[in-house]
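Chains A and B, in that order, are what the protein sequence lines are. Under this note's numbering, the letters of the first sequence match residues 2 to 15, in that order. Under this note's numbering, the letters of the second sequence match residues 105 to 361, in that order.
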Amino acid sequence: EVTQAELRKYFPVF
Amino acid sequence: MFEARLSSATTLKKVLDAIKDLLNEATFDCNDSGIQLQAMDNSHVSLVSLTLRADGFDKYRCDRNLSMGMNLGSMAKIMKCANNDDTVTMKAQDNADTVVFMFESQNQEKVSDYEMKLMNLDQEHLGIPETDYACIVRMPAMEFARICRDLSQFGESLVICCTKEGVKFSASGDVGSANIKLAQTTSVDKEEEAVIIEMQEPVTLTFACRYLNSFTKATPLTNQVQLSMSMDVPLVVEYRIQDIGHVRYYLAPKIED
């Protein structure tokens with residue numbers, strides 16, 4: 002199944 | 105004291121058009137090097153990063169770092185009141201809770217000012233690492249907008265496949281499927297019409313059309329758009345704003361679960 006990833010998965014949150 | 109003046113309101117109008125589709129509100133962080141804005145859309149799938157350098161303004165003064173949270177719908181109402189060739193000046197006192205937009209007509213005979221309340225926005229800030237991308241595509245911004253618009257009729261997702269031969273955009277759905285292939289330009293007569301591909305490794309990634317179409321609202325800012333891609337990381341779509349900065353959009357890919 003193809004789903005939409007969120008940006009938090011790739012970039013650290015400050 | 106903060107004061108930033110542009111000789112033509114067009115640039116600020118276009119910048120606002122480029123971001124207000126994705127963001128309802130955003131914080132403009134001002135310091136002596138210029139204005140920065142970083143904000144994610146509500147669904148946390150895409151991110152807008154805007155840089156306007158101090159040296160790109162006709163006049164720029166920022167005595168103390170200032171974060172101005174603005175409702176972009178309200179800002180759009182105000183910017184609508186400016187003629188394209190008006191001079192626009194943004195002004196705020198240190199620790200102010202309002203910002204003033206002043207518009208001056210070219211003949212100086214009409215001066216308007218609009219004061220807007222600022223907001224305290226509690227927004228997450230993302231750390232975006234420096235990345236060497238596997239593929240970088242530079243192409244006419246109008247062409248990219250056209251491709252996103254055309255292919256979004258056929259599906260919710262756009263597949264971008266970049267190889268050394270060129271870049272292919274594909275979409276499929278109930279109607280059928282659609283593919284658009286662009287070859288790298290061999291002889292560049294007009295730089296703004298060129299398709300240039302820098303490829304280390306081929307890349308195929310899938311993205312939601314809805315966000316790509318929102319990014320293309322930045323098209324009036326510039327002739328060329330740059331797409332930076334690596335497998336399984338967010339796409340970067342960059343529009344340079346002549347002499348003053350850039351707007352970059354980051355979009356998380358669609359992934360196989």
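The C-beta atom is built at its ideal place from N, Cα and C for all residues, glycine as well.
- Sequence-distant Cβ neighbours of Y218(B) in its own chain, meaning closer than 6 angstroms and more than five residues away, are I182, F205.
- Residue burial annotation: E296(B) is exposed, with fewer than 16 other C-beta atoms found within 10 angstroms of its C-beta.
- If you look at L176(B), you'll find it in the alpha helix (DSSP H) that goes 176-184.
- Counted as a single uninterrupted DSSP element, the alpha helix (DSSP H) harbouring D121(B) occupies residues 113-123.
- In the three-state reduction of the DSSP assignment, R168(B) falls in the coil class, being assigned neither a helical nor a strand state.
- Contact annotation: the stretch 322-332 of chain B touches the stretch 235-246 of chain B, with at least three C-beta pairs closer than 8 angstroms.
- Each residue's CA atom was taken as its position, placing V337(B) and M246(B) some 25 angstroms apart.
- Between A130(B) and L116(B) a beta carbon distance of about 14 angstroms is seen, past the 8 angstroms cut, so the two are scored as non-contacting.
- For the C-beta of M144(B), the chain A residues within less than 7 angstroms are, from N- to C-terminus, L8.
- Across the structure, C266(B) and S276(B) are spaced so that their CA atoms are roughly 18 angstroms apart.
- Take the alpha-carbon of F161(B) and the one of V279(B): they are about 48 angstroms apart.
- The residues A113, F207, S209, in chain order, have a CB closer than 8 angstroms to that of N187(B) in the same chain once the five nearest residues on each side in sequence are set aside.
- Secondary-structure assignment with DSSP links N135(B) through a beta bridge to G138(B).
- Look at I348(B) here: in three-state DSSP terms it is coil, with no helix or strand label.
- Close CB contacts of A180(B) within its chain, under the 7 angstroms cut and outside five residues either way in sequence, are with L120, K124 (chain order).
- Secondary structure at S256(B): coil, using DSSP grouped into helix, strand and coil.
- Its Cα nearest to that of M174(B), the residue C134(B) stands out among C134(B), V149(B), Q212(B).
- Within the stretch 294-324 of chain B, complete beta strand (DSSP E) segments of at least 3 residues are found at 300-303, 307-312, given in chain order.
- For G277(B), not one C-beta of chain A is nearer than 8 angstroms to its own C-beta.
- If you look at E107(B), you'll find it in the beta strand (DSSP E) that goes 106-110.
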